[in-house]
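So in our numbering, the last spot in the sequence shown is 633, and the numbers never skip. Glycine included, every Cβ here is placed at the ideal spot set by N, Cα and C. Keep in mind that this is a model prediction, so the values were computed, not measured.
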Amino acid sequence: MVGLYGLRGVALITGAASGIGLDCAKSFADEGCIGIIFADLDRQKAEEAAKEGAFFCADSDCQTLALQVDVSDPASVEAMVAKTVEVFGRIDYCVHSAGVGARQPYSVLDMPVAELDRFHDINERGTFNVIQCVSRQLMKQEPLVELARKGEKLSRGSIVTLASCHSFAAAQNLAQYITSKHAVMGLTRAASLDLAKYGIRVNAVCPGWVDTPMVTGAVEANPEIGRYIERLVPFGRRATLEEISDVILFLSSPRASFVTGAGWVVDGGLTVGFPSS
């Protein structure tokens with residue numbers, strides 16, 4: 357069974373144990389993919405997510421696989437890709453959702469260098485490691501015959517990174533996060549040019565405030581945060597996980613076959629302008 361987006365290959369998702377990554381992995385299963393890899397730093401949560409994701413499989417031959425990965429470690433990323441290929445024979449769609457958010461605000465005047473390094477090791481270096489290792493596999497495998505609206509197309513594969521609306525706009529006291537997400541967007545664009553001649557597409561989704569467990573927990577602990585988001589976002593709410601996953605699925609699909617190097621902002625108008633009050 358092939359769903360709305362014509363996705364029927366093997367999907368590898370990092371950061372798949374929770375939040376956007378988990379919802380995205382389940383969405384790939386629901387769309388009809390034959391293999392979904394739930395990769396995360398937390399092995400136990402990845403295994404739990406893979407078991408949960410199996411219930412969403414639309415294809416009777418669909419299999420899920422849980423893998424532990426430290427995206428900041430090239431050897432760990434290489435092992436993830438190797439195990440995926442060993443089990444499924446290929447990778448068709450990669451969503452790099454693993455990343456780290458700010459634990460506390462820092463001005464550039466007092467930010468420890470270790471804090472800056474932590475963000476760049478995981479968000480920037482991790483993105484580079486995943487793009488490099490996955491694209492090397494995509495280059496050497498046979499292209500996938502995908503179903504488009506007006507016939508079949510050959511695809512070498514798609515990589516979608518998770519950047520941020522802050523890949524384009526700054527905010528006070530978050531330089532560690534802002535700079536790392538600018539770097540993710542820069543890597544996405546650079547990789548899209550390097551890999552275009554091989555037929556590999558690389559795009560980024562750039563969310564604003566999303567209804568993730570982390571954000572929900574923060575709002576429950578401090579309702580003023582929720583009111584702040586409502587005032588800040590023109591739509592007056594956070595994005596649902598599904599609203600982010602839908603854009604990722606589209607960018608991964610043959611319906612976006614001529615889209616590469618894009619940074620698709622999904623922020624409810626947050627970065628368009630300032631709220632009136």
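Next item on the list: State the DSSP-derived secondary structure class of Thr627, mapped to helix, strand or coil.
Entry: Note: Thr627 maps to coil in three-state DSSP.
Check: What number of angstroms, rounded off, separates the C-alpha of Pro579 from the C-alpha of Pro590?
Finding: Here the alpha carbon of Pro579 sits roughly 19 Å from the alpha carbon of Pro590.
Check: Just curious, the alpha helix (DSSP H) that Phe614 is in, first and last residue?
Finding: It is not in any alpha helix (DSSP H) - Phe614 carries neither H nor E in the DSSP assignment.
Item checked: DSSP state of Ser514 mapped onto helix, strand, coil -> strand
Next item on the list: Rounded to whole angstroms, what's the CA-CA distance from Phe444 to Asp466? Just pull it up for me.
Entry: 48 Å
Margin query: Among Asp448, Asp429, Ser374, whose alpha-carbon lies nearest the alpha-carbon of Arg364?
Written below: Asp448
Notebook entry, point to check: Between the C-alpha atoms of Ala618 and Val425, what's the straight-line distance to the nearest angstrom?
Noted result: 26 Å
Next item on the list: Classify Val558 as buried or exposed, calling it buried when 16 or more other Cβ atoms lie within 10 Å of its own Cβ.
Entry: buried
Item checked: C-alpha distance - Ser609 paired with Gly362, whole-angstrom precision -> C-alpha separation (whole angstroms): 6 Å.
Next item on the list: Using the Cα positions of Ala577 and Gln460, report the straight-line distance between them to the nearest angstrom.
Entry: When rounded, the distance between both Cα atoms is 15 Å.
Note to self: With H, G and I counted as helix, E and B as strand and the rest as coil, what does DSSP make of Pro499?
What the structure shows: coil
Notebook entry, point to check: Among residues of its own chain, excluding the 5 on either side of Arg481, which ones have a beta-carbon nearer than 7 Å to its beta-carbon?
Noted result: Ser428
Next item on the list: Pull up the CB-CB distance for Ile478 and Gly455, whole angstroms please, since I reckon it's below 8 Å.
Entry: 6 Å
Note to self: Contact defined as beta carbons within less than 8 Å: I believe Thr596 pairs with Ala560. What is the distance between those atoms, to the nearest angstrom?
What the structure shows: About 19 Å separates the two Cβ atoms, so there is no contact after all.
Notebook entry, point to check: With a CB to CB cut of under 7 Å and the five nearest residues on each side skipped, what residues in its chain are close to Val464?
Noted result: Ala531
Margin query: Give me, in chain order, the residues of the same chain whose beta-carbon lies closer than 6 Å to that of Gln497; leave out the 5 immediate sequence neighbours on both sides.
Written below: Arg446
Next item on the list: Counting only runs of 4+ residues fully inside the segment 451-501, write out the alpha helix (DSSP H) ranges in chain order.
Entry: Runs found: 469-475, 481-496.
Checklist line | Residue environment, Asp398, which counts as buried when at least 16 other CB atoms sit within 10 Å | finding: exposed
Note to self: If I measure Cβ to Cβ from Met495 and keep anything under 6 Å in the same chain, skipping five residues before and after, which residues do I get?
What the structure shows: Tyr554
Item checked: Simplified DSSP assignment, three categories, for Arg446 -> coil
Next item on the list: Flag this pair as yes or no: are the beta carbons of Thr627 and Ala525 separated by less than 8 Å?
Entry: Contact: yes.
Check: Is it the case that the Cβ atoms of Val575 and Gly582 are separated by a distance below 8 Å?
Finding: yes
Margin query: In whole angstroms, give me the CA-to-CA distance for Met570 and Ser520.
Written below: 16 Å
Checklist line | Inter-residue spacing [alpha-carbon to alpha-carbon] between Val566 and Ser523 | finding: 15 Å
Next item on the list: Give the DSSP-derived three-state secondary structure of Ala519 in the structure shown.
Entry: coil
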